[in-house]
Every structure is written in structure tokens, then in C-alpha cells.
Amino acid sequence: MSFLNLHKAIERNTGLLIFGILVVASIGGLVQVLPATLDDSLSAPSPNVVPSTPLELIGRDVYIRESCSVCHSQQVRPLLAEVKRYGPYARSGEFAYDRPFLWGSKRTGPDLLRDGAKYSDAWHRLHMTNPRAVVASSIMPAYPWLAERAANASADIEARLRALRRLGTPYADDVIEGAPKALEGKTELDAVIAYLQSLGKHASDAPEGHEGHAGH
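Remember, the numbering used here sits 25 above the position in the sequence shown when you count from 1.
Written out as C-alpha cells, the structure is:
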């Protein structure tokens, strides 16, 4: 059977056509996925990257719960315009302990990967409770209730740290045991601020300063 006849036979047989599409798509997927899976360097943490503290971890959970990742990406792409605006582009090792990843693709607000230590805690506190007080053109909603909710409202912080350790995050026993105390007297707003201040600061080439970004 010639190639042309085989081609016609596949086109006329729905089952063969579907099978052929799946085979080709699977090969293409394996070619992309397998090299990344077998390359340990892609999952190894960068030299200065450390696991989130219990307070930062709670802040990250609140960040996800409040859908902040819908409007803010955390991935500076290797493009000149992005590097000039946000700082050094993202490396895989910066996200070694992120579960789940919060790279995102939508930027209603700016990318936040390099925002750690760029603004003071007081700025973040005002920005979260009244965004337009610091960025007049901001369309970001306010989150005043975060200042009223205790960061340790959930009693499973130790269990969560142990679960992350089983997945490969190197939490020491003393960090896990001291987690409840680390959250005492802290609000969810404190936790979110701690998380935002941690973004990008452990990267070995995090910028000391770069061009400011547009308002949210």
C-alpha cells in the first residue's frame, strides 16, 4: 500500500485517525517532557533559595485564597522589556519549593517576583487596606478583613509543614515544632506582607534596584 493510499485509509477511518493523532501528540509531549524530567538541575534550588517560613507559608495560602495570582504573575520572562521593568528573568531554581507554582500569565497588576523588600511593610499594609492611598490609579480591591483574621486560625500548620517535607522541602524539626508559636499574635495581613517581602529576595541575582512598575 502506497503512502497516499494509507493516508486516505486513515482519513476515512475515524478510529485510525484518532489513534494516529494520539500517537503523534504523545511523541511530541514526551520529547518536551522527558528531558525536563530527567534533568535534575531544573528542580534543584538556587544557592540562596530557602523554604518559606511558617508565616510566609500562611501568607502564600492567603494570597492564593484571595485569588491574587489571577491578576499578578510571578515570572519575569527573558525579554529585554521585562528585564528592564521587573529585574533579572526568572530561573527554575527559584521555584524549587513552590507548591503549587504561581507563575501565571495574566497581568492586570504588575509581576511580583522581584517585589521582595522593594517597599516597606507599612507601604504594603496601606496598599492592602486602601490601594488608592498609595497608587491613585489602582483598580485593585482592598482587603481590610485580613487585618482582622488571625494567621493561626487554622490549626494544621505543623501537619502542612510535615507534608511539604515529605515532598522534598527541607523543614527541620525545630521549625515545624515552633510553627504555631511563630504565628501567635500575627494576622493574615501580617502573613501576606511577610510573603510579599520574601518574593525574589533569595535569588542569587535578585536586583538591588530597577525601574519602578506601573500602579495596580
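Glycine included, each C-beta is placed from N, C-alpha and C at the ideal position. A quick note: this is a predicted structure, and the numbers were derived from the prediction, not measured.
Straight-line Cα distance separating residue j from residue i
i	j	result
E202	R102	38 Å
S163	R157	6 Å
S77	A61	25 Å
A106	Q99	16 Å
N38	L55	26 Å
R174	H97	23 Å
G84	A50	39 Å
A34	S71	53 Å
S130	D136	10 Å
L104	L138	15 Å
E36	Q57	27 Å
L42	L29	15 Å
D64	V74	19 Å
H149	K206	24 Å
D198	R190	10 Å
L59	D146	42 Å
L200	A188	For the sequence presented, residue 200 should be read as Val rather than Leu. Between V200 and A188, the C-alpha separation is close to 13 Å.
G53	G210	52 Å
G40	L31	14 Å
CB contact flag (residue i, residue j, <9 Å)
i	j	result
I182	A204	yes
R124	T194	yes
V87	A216	yes
L127	A219	no
T154	Y168	yes
D140	L192	no
L47	L186	no
Segment limits, alpha helix (DSSP H) that includes residue i
i	result
M153	146-154
E107	105-111
P79	79-90
A216	213-223
L137	Unbroken run through L137: none, as it is neither H nor E.
D199	198-202
I43	39-63
V95	93-96
E184	First, the amino acid is wrong: residue 184 is Ala here, not Glu. From DSSP, the alpha helix (DSSP H) with A184 extends over 182-191.
Cβ neighbours of residue i in the same chain (closer than 8 Å, five flanking residues each side left out)
i	result
A69	G118, A121
Same chain, Cβ closer than 6 Å to residue i, five either side skipped, listed in chain order
i	result
H152	V159
N177	L208
A184	none
E213	V87, L171, R174, A176
Beta-carbon contacts of residue i that lie in its chain and below 7 Å, excluding the five residues immediately before and after
i	result
A142	Q222, K226
P232	For P232, the pLDDT reaches just 44, beneath the cut-off of 50, and the residue's location in the model is therefore unreliable, leaving the point undetermined.
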